Structure formats: structure tokens, C-alpha cells
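**Student:**
Here it is in C-alpha cells:
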């Protein structure tokens with residue numbers, strides 16, 4: 016019994032025979048290996064089209080921006096997993112990636128979906144961008160408190176990664192409707208939520224990538240791809256200079272039990 020949507024049995028990604036491997040219509044050995052850099056290949060795999068100069072530039076920029084940010088929860092999970100099972104690098108990488116959700120790393124996807132919805136509303140309504148931004152924030156606040164892409168627990172005066180990405184987007188003249196909407200949303204925050212917030216890196220990344228033509232459905236893949244590189248770096252260090260059990264011990268020491276006391280009855 017088949018379950019789910021009844022699609023046709025085709026793929027346009029890759030095929031192979033005894034003598035060749037074809038990827039998105041290109042011969043892997045004749046046209047890709049040694050001729051295409053990995054970021055271009057990633058874009059090509061996702062879209063079926065080689066990136067132009069700006070697309071490649073910003074794909075590289077955002078991959079570098081998100082690959083590393085210290086001992087965040089996903090990294091801690093990966094290093095502790097590797098400490099417990101050093102024979103399973105893939106398990107430790109997977110543990111780190113499984114922790115990439117709407118709060119950590121995956122928030123770029125959440126922001127991208129919100130910005131895309133706002134831009135679609137703006138284009139359809141023809142209303143001023145400032146008006147649409149305020150209305151969309153009010154609508155969002157009915158179901159959630161956080162406005163994706165704004166605020167950072169550490170970079171309270173502004174995320175340097177976000178600031179640089181926006182500067183580069185302006186310099187290369189790729190800032191389009193999604194960046195414009197993101198900036199309108201930020202400008203509307205004091206009136207709609209009562210305080211100003213800086214843009215964090217998960218604001219410019221989806222805004223810029225959508226403006227240069229990256230698919231909305233693949234946005235989370237950017238974070239997963241680059242954080243995999245960061246995790247492999249951490250796990251290589253974990254193999255050489257282990258801290259996984261130190262992290263575990265710090266967690267045990269830092270958390271205090273406040274549950275009920277055990278009943279200790281002596282039996283004779």
C-alpha cells in the first residue's frame with residue numbers, strides 16, 4: 016500500500032551507468048570535478064543552475080558566517096556524544112545537527128518564511144512597506160513573542176556578522192524586497208513591541224539569499240551544510256583535546272536537584 020502524495024517516479028538530480036555519472040545534466044568527471052568549487056556545486060545541486068557571481072559570493076559569505084559560534088548547544092551535544100561514542104563520528108555529527116531547530120541555527124528558515132510572507136503581502140496589497148511591516152508584526156505577536164531575525168543574547172549592540180552581510184549586500188547592489196522588508200520590520204519594532212532590537216545574523220541571511228534567488232525551501236540547508244563543517248572541526252579537536260566529559264561534569268555541577276527527598280527506611 017502506498018502512503019502519501021502519489022507523485023510520478025522521476026528524479027532530475029543524478030543518474031549513472033557503467034561508464035559515467037550525470038548530475039543535473041552535467042558529466043561529473045568531465046564537467047564538475049576539478050572545474051567547479053564546492054559552493055557552486057551546492058547551489059547547482061539545489062537549483063539545477065550554476066550560480067552567478069553575486070549568488071556565489073553570498074553563498075560563500077553566509078556559509079562562513081554560520082559555520083562557527085563557539086560552544087553552542089548543538090556543538091556541546093556533538094562533543095558529549097563523541098566523548099561517549101568516539102567510534103561513531105557520524106553519530107556525533109548527527110547529534111549536533113539534530114539540535115539545529117527554530118531557536119538555534121534553524122531560525123534563519125523561520126525568518127525567511129516570515130519575510131517571504133511579508134513581501135508577498137506587500138506586493139499584493141500595494142500598501143507602503145512600513146504599513147505592511149507593522150501589520151505583520153502585530154499579526155505575528157498574536158501567536159508568538161519573538162520576531163525572527165532580531166535580537167541576540169550576546170551581541171546586544173548589533174550582530175557584527177549581520178552588519179557586515181548587509182553592508183556587502185548594499186555595496187554589491189543586491190539588496191531587494193526581502194532586505195527592504197527586513198529593515199522595515201526592524202524600524203517598526205519600537206512602535207509594535209515597545210523596544211528597538213538589533214538585527215541578528217538570521218535576519219540578513221534569508222533576506223539576502225532570497226533576494227539573490229536561493230529557494231525558500233532550501234534555506235535551512237545552508238545552516239545544516241555549514242554547521243556540519245563546524246561540527247567536524249569541533250569533533251576533530253575533541254579527538255585530540257577532549258572536553259566532552261568536562262562539559263558533562265560542568266552540567267552536573269551546575270544543576271541543583273530540587274525534587275522530593277527519598278524515603279530512607281532501614282529494614283532489618
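In the numbering used here, the protein residues as written are 16 to 283. All C-beta atoms in this analysis are idealised placements derived from N, C-alpha and C, irrespective of residue type, glycine included. For clarity, every value in this text was computed on a predicted model and none was experimentally measured.
1) Residue 86 and residue 220 look like a contact to me (Cβ under 8 Å); what is the Cβ gap, rounded to whole Å?
2) Residue 94 and residue 259: beta carbons closer than 8 Å?
3) So what does DSSP say about residue 20, is it helix, strand or coil?
4) So, are the CB atoms of residue 163 and residue 122 less than 8 Å apart?
5) Residues in its own chain within less than 7 Å of residue 239 by CB, not counting five upstream and five downstream?
6) Taking 8 Å as the cut-off, decide whether the C-beta atoms of residue 231 and residue 151 are in contact.
7) Can you name, in chain order, every residue of its own chain whose Cβ lies under 6 Å from the Cβ of residue 148, other than the five neighbours on each side?
8) Can you list, in chain order, the stretches of the alpha helix (DSSP H) that have 4 or more residues and sit fully within the segment 71-108?
9) Which residue's Cα is closest to the Cα of residue 212: 72, 145, 173, 257?
10) Check residue 116 in the structure and name its three-state DSSP category.
11) Are the Cβ atoms of residue 257 and residue 103 separated by less than 8 Å?
12) Mark residue 235 as exposed unless 16 or more other C-beta atoms lie within 10 angstroms of its C-beta, in which case mark it buried.
13) By the three-class DSSP mapping on this structure, what secondary structure does residue 159 have?
14) In the DSSP assignment, find the alpha helix (DSSP H) that holds residue 263 and state where it starts and stops.
15) Residue 246 to residue 237, Cα distance in whole Å?
16) Please list the terminal residues of the continuous alpha helix (DSSP H) segment that includes residue 36.
17) Return yes when the Cβ of residue 250 is within less than 8 Å of the Cβ of residue 107, no when it is not.
18) How would you label residue 64, buried or exposed, when you count the other beta carbons within 10 angstroms and need 16 or more for buried?
19) Whole angstroms are fine: how far does the CA of residue 261 sit from the CA of residue 241?
**Tutor:** The answer reads as follows:
1) Residue mapping note: residue 86 aligns to position 71 of the chain shown, counting from 1. Residue mapping note: residue 220 aligns to position 205 of the chain shown, counting from 1. Not a contact, Cβ separation roughly 21 Å.
2) To locate residue 94, count along the chain shown from 1; it is residue 79. To locate residue 259, count along the chain shown from 1; it is residue 244. Yes. Within cutoff.
3) Stepping through the chain shown from its first residue, residue 20 is reached at position 5. It is coil, neither helix nor strand.
4) Locating residue 163 in the chain shown gives position 148, counting from the first residue. Locating residue 122 in the chain shown gives position 107, counting from the first residue. Contact: yes.
5) Numbered from 1 along the chain shown, position 224 holds the residue referred to as residue 239. If we look at residue 239 and ignore the five residues flanking it on each side, its Cβ neighbours are 112, 115.
6) Counting from 1 along the chain shown, the entry for residue 231 is found at position 216. Counting from 1 along the chain shown, the entry for residue 151 is found at position 136. Judged by beta-carbon spacing, residue 151 lies beyond the 8 Å limit of residue 231, meaning their Cβ atoms are not closer than that value.
7) Here residue 148 refers to the residue found at position 133 when the chain shown is read from its first residue. Closer than 6 Å at Cβ, skipping near neighbours: 199, 200, 203.
8) 88-99
9) Residue 212 sits at position 197 when you count from the first residue of the chain shown. The option with the nearest alpha carbon to residue 212 is 173.
10) Taking the first residue of the chain shown as 1, we reach residue 116 at position 101. Three-state result, residue 116: strand.
11) Start at 1 with the first residue of the chain shown, and residue 257 comes out as number 242. Start at 1 with the first residue of the chain shown, and residue 103 comes out as number 88. Cβ distance not < 8 Å, so residue 257 and residue 103 don't count as in contact.
12) In the chain shown, counting from the first residue as 1, residue 235 sits at position 220. Classification of residue 235: buried, given that the 10 Å Cβ count is 16 or more.
13) Taking the chain shown and counting its residues from 1, the one referred to as residue 159 is at position 144. Coil, per DSSP.
14) Taking the first residue of the chain shown as 1, we reach residue 263 at position 248. Start and end: 259-269.
15) Residue mapping note: residue 246 aligns to position 231 of the chain shown, counting from 1. Residue mapping note: residue 237 aligns to position 222 of the chain shown, counting from 1. The straight-line gap from Cα to Cα measures roughly 14 Å.
16) Taking the chain shown and counting its residues from 1, one reaches residue 36 at position 21. Here residue 36 belongs to no alpha helix (DSSP H); instead the beta strand (DSSP E) covers 36-38.
17) Here residue 107 corresponds to residue number 92 of the chain shown, with the count starting at 1. Here residue 250 corresponds to residue number 235 of the chain shown, with the count starting at 1. Closer than 8 Å, so yes.
18) Translated into the one-based positions of the chain shown, residue 64 becomes position 49. By the 10 Å Cβ count, residue 64 comes out exposed.
19) The count along the chain shown starts at 1 and reaches residue 241 at position 226. The count along the chain shown starts at 1 and reaches residue 261 at position 246. Rounded to the nearest angstrom, the two C-alpha atoms are 26 Å apart.
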